[in-house]
Amino acid sequence: MSNTERTFIAVKPDGVQRALFPEVLRRFSQKGFKLVGIKLTFAKEELLREHYSDLQSKPFFPSLLSYMMSGPVLATVWEGKDVVKQGRALLGATNPLQSAPGTIRGDFALDMGRNIIHGSDSVESAEKEIALWFKKDELVSYKSEMYGWIY
Ligand code: RTP
Numbered sequence: 390m391s392n393t394e395r396t397f398i399a400v401k402p403d404g405v406q407r408a409l410f411p412e413v414l415r416r417f418s419q420k421g422f423k424l425v426g427i428k429l430t431f432a433k434e435e436l437l438r439e440h441y442s443d444l445q446s447k448p449f450f451p452s453l454l455s456y457m458m459s460g461p462v463l464a465t466v467w468e469g470k471d472v473v474k475q476g477r478a479l480l481g482a483t484n485p486l487q488s489a490p491g492t493i494r495g496d497f498a499l500d501m502g503r504n505i506i507h508g509s510d511s512v513e514s515a516e517k518e519i520a521l522w523f524k525k526d527e528l529v530s531y532k533s534e535m536y537g538w539i540y
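Counted the way this note's numbering counts, the sequence shown spans residues 390 to 540.
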């Protein structure tokens, strides 16, 4: 794993409406990750169908789509060592009933259908999701002095 690994993290509409996005940005930044892309956007149905293509046959798929289109999403890309796995750990389990206190879902969510945040589950999904949500020129490369302290 290189220190330039990237992941896609999206604060879902409930997380934006509940003003939890500063907390998400704080947790990822303070863990040591570098923000390389960010935008507030209304997700289009076509994009969400692609993003959640593996869930299309699930009974909750239509409600998942309406939830994700119910308000703006804060789409972000983070960079750093093992960021995909570390990001999933910061999020906590998908079902808030199983997400440990101290994780984002464990601290702020009660319901699987309102679980605040999405994070890529593998390096491959991260690459696919980043390309789906961001244009290349919306991602920023820059040197962060904090890396000298963290690694
Ligand atoms: P995410 O993609 O949002 O990070 O979640 P995940 O990988 O941890 O979970 P996944 O199985 O991919 O599910 C995607 C999102 O669908 C909603 N969901 N609802 N039984 C249900 O009602 C149900 N199961 C999943 C959740 O919002 C979940 O995050």
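Cβ atoms here follow ideal geometry from the backbone N, Cα and C, with glycine treated the same way.
In this text, all values refer to a predicted model and were calculated from it rather than measured experimentally.
* Closest residue to Thr465 among Phe450, Glu527, Tyr540, Lys532 (Cα-Cα distance) -> Among Phe450, Glu527, Tyr540, Lys532, the Cα nearest to that of Thr465 is on Glu527.
**Reference Phe397; option with closest CA among Leu479, His507, Tyr536** = Nearest to Phe397 by C-alpha distance, out of Leu479, His507, Tyr536, is His507.
In whole angstroms, what is the alpha-carbon distance linking Lys401 and Tyr456? When rounded, the distance between both Cα atoms is 8 Å.
ask   = What runs of the alpha helix (DSSP H), each 4 residues or longer, lie entirely inside the stretch 430–508?
value = Here the runs fully enclosed are 434–440, 450–457, 472–480, 493–497.
**Asked** Three-state secondary structure (DSSP) at Glu513?
**Response** Residue state, collapsed to three classes: helix.
Under 8 Å by Cβ, that's how I've got Glu468 and Thr393 pegged, so tell me the actual separation to the nearest angstrom. With a Cβ gap of about 6 Å, Glu468 and Thr393 count as contacting.
> With respect to 8 Å, is the separation between the Cβ of Ile519 and the closest non-hydrogen atom of ligand 1 below this value?
Replying inline: Answer for Ile519: no, Cβ out of range of ligand 1.
Just how far apart, CA to CA, sit Ser446 and Gly537?
One alpha carbon belongs to Ser446, the other to Gly537, and they sit about 46 Å apart.
Rounded C-alpha distance that separates Met390 from Ile427: Because the pLDDT at Met390 is just 47, under 50, the model does not fix this residue reliably, and the point stays unresolved.
Decide yes or no for the touch test of the stretch 492–504 against the stretch 410–417: beta carbon pairs closer than 8 Å, at least 3 of them. In this structure the stretch 492–504 touches the stretch 410–417; the number of beta carbon pairs closer than 8 Å is three or more.
- According to DSSP, is Met390 helix, strand or coil? In this prediction, Met390 has a pLDDT of 47, which is less than 50 and means its spatial position is unreliable; nothing more can be read from the coordinates.
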